[in-house]
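Undergrad: Residue numbering for the sequence shown is 1027 to 1392, as defined by the working numbering. For every residue, glycine included, the Cβ atom is placed at its ideal position computed from N, Cα and C. Sharing a structure with you now.
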Amino acid sequence: MMKSACPPDPSGKSVQFSYRLNQNRLLLKGVLNRHVVEQNGPFLQQLIEEAGLKHIQMDLFQIAQLDSTGLAFLVHLQRLMAKKGIQIEWVNLPPSVQAGLKLMAASQKKPLRSDSPRESFLEQLGEEVYHLVVEDFGQFFLLLANMSIWGLTDLFTHRWRRKGEVLRQAVLIGVNALPVVLSIAFLIGAVLAIQAAEQLRQFGANLFITDLVVISMTREMGPLVTAILVAGRSGSAIASEIATMVVSEEMDALRTMGVNPVRYVAIPKLYAGLATMPALTILANILGITGGMLIAYLSLDLSVNVFMERMQQVLYFRDLLTGFIKSLVFVGLIVITSSYYGLRVRGGAVGVGQATTAAVVASIFL
């Protein structure tokens, strides 16, 4: 049984391909490329199926030329016939054809199903905790130590390499954040007074609204509200800036030049945050107390003089010191967390967005 064909070739020449089935041996001869496969592939498949044999030896010794399409066709034909109960065995393979068939078969091989038992819930939980503690927390504390060492080194040795950048970051983190921080702090103080006014009026304890507003703003609400706003406004900017530098390989360029990226990029932001956050907190406290005083005057008929006198009695230095220390801790966490997520970004623009979101959420949580 013999059949041959001469399909057209793009170069204008003719190519010869023929196949012959003799008993259980199928002999292929000539060129086996895309054009030959398109014209002769269906007929060759039909010939094998109609032969009614369970085992066929495909002799490839006389194949003169074989491209990737021909290789893929041979592998596909072998697997297709195997599904139909016909085993095709390649024999007399030239070295080049043998290497190509092995490579093609390996690239198309499906991954084997794992027969190993599924991990239990405790194993999965332990693995997640391990990755969280070792990879996430471990790297975070390494960055914390790195920034602390460089920050203290540059501060006490007076080797500020980027004083101009510190001033620029101070404007971005502190000065530009004044409008939103002061307005929100004023509203927070007013809301505290509004919520307490009705209850205090029932017991004739109008004067104690001063205690509530002043102590709450100086010890808790002032530093906390300021930190949340700075995390959402400046923390996201820090994370996105550093993540963009990582994606655009600017960090690798700094390492190539012998410059520590953390010292060059993150330390100026840390200095700027530590310098401006306490001032922002103090101003937020003032505006929050002002908002509470306004509500006390309008809702509880508490004069400004009475409010101020009571504030002098209940406000202690330790309250101001507590808010001051909290503001420093909060801004340190914001800058370090934002830098951490920016430095560990993976991918392109999508990774930058994910790192920014994670930095803001983690900063607010911390």
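Could you tell me the alpha carbon to alpha carbon distance between residue 1309 and residue 1351, rounded to whole angstroms?
TA: Distance between the alpha carbons of residue 1309 and residue 1351: 15 angstroms.
Undergrad: Per the DSSP calculation, residue 1089 is bridged to which residue(s)?
TA: In DSSP, residue 1089 forms a bridge with 1056.
Undergrad: Provide the residue(s) that pair with residue 1225 in DSSP beta bridges, ordered along the chain.
TA: Answer by DSSP bridge pairing: none, since residue 1225 is not bridged.
Undergrad: What's the gap between the Cα of residue 1342 and the Cα of residue 1172?
TA: Approximately 36 angstroms, taken between the alpha carbons.
Undergrad: Since residue 1256 contacts residue 1203 with CB under 8 angstroms, what's their CB separation in whole angstroms?
TA: 6 angstroms between Cβ atoms; contact.
Undergrad: Would a C-beta distance cut-off of 8 angstroms place residue 1090 and residue 1056 closer than the cut-off?
TA: Yes, the Cβ-Cβ distance between residue 1090 and residue 1056 is below 8 angstroms.
Undergrad: Roughly how many angstroms lie between the CA atoms of residue 1059 and residue 1276, to the nearest whole one?
TA: Rounded to the nearest angstrom, the two C-alpha atoms are 47 angstroms apart.
Undergrad: Should residue 986 and residue 1199 be called a contact, given that it needs their Cβ atoms to be closer than 8 angstroms?
TA: This structure cannot settle anything about residue 986, because the visible part of the chain is limited to 1027 through 1392.
Undergrad: Counting only runs of 4+ residues fully inside the stretch 1159-1205, write out the alpha helix (DSSP H) ranges in chain order.
TA: Runs found: 1164-1183 and 1189-1199.
Undergrad: Going by the CB atoms, is the gap between residue 1317 and residue 1233 shorter than 8 angstroms?
TA: No.
Undergrad: For residue 1220, which residues in the same chain have their Cβ closer than 8 angstroms to its Cβ, ignoring the five residues on either side in sequence?
TA: Once the five neighbours on either side are set aside, the close Cβ partners of residue 1220 are 1321 and 1325.
Undergrad: Are residue 1071 and residue 1052 close, meaning C-beta to C-beta below 8 angstroms?
TA: Not a contact, by the Cβ cut-off of 8 angstroms.
Undergrad: Closer than 8 angstroms is the cut-off here; do at least three beta carbon pairs connect the stretch 1324-1340 with the stretch 1236-1249?
TA: Touching, per the Cβ criterion.
Undergrad: Would the stretch 1358-1366 count as touching the stretch 1157-1171 if we require 3 or more Cβ pairs under 8 angstroms?
TA: Cβ pair count under 8 angstroms is three or more, so yes.
Undergrad: Which of the three DSSP states, helix, strand or coil, is assigned to residue 1283?
TA: Three-state DSSP puts residue 1283 in coil, outside helix and strand.
Undergrad: Roughly how many angstroms separate the alpha carbons of residue 1248 and residue 1218, rounded to a whole number?
TA: Cα to Cα, the separation comes out at about 12 angstroms.
Undergrad: Among 1375, 1178 and 1349, whose alpha-carbon lies nearest the alpha-carbon of residue 1252?
TA: For the residues 1375, 1178 and 1349, the minimum Cα distance to residue 1252 belongs to 1349.
Undergrad: Taking the alpha-carbon positions, what's the residue 1163 to residue 1192 distance?
TA: Answer to the nearest angstrom: the Cα atoms are 28 angstroms apart.
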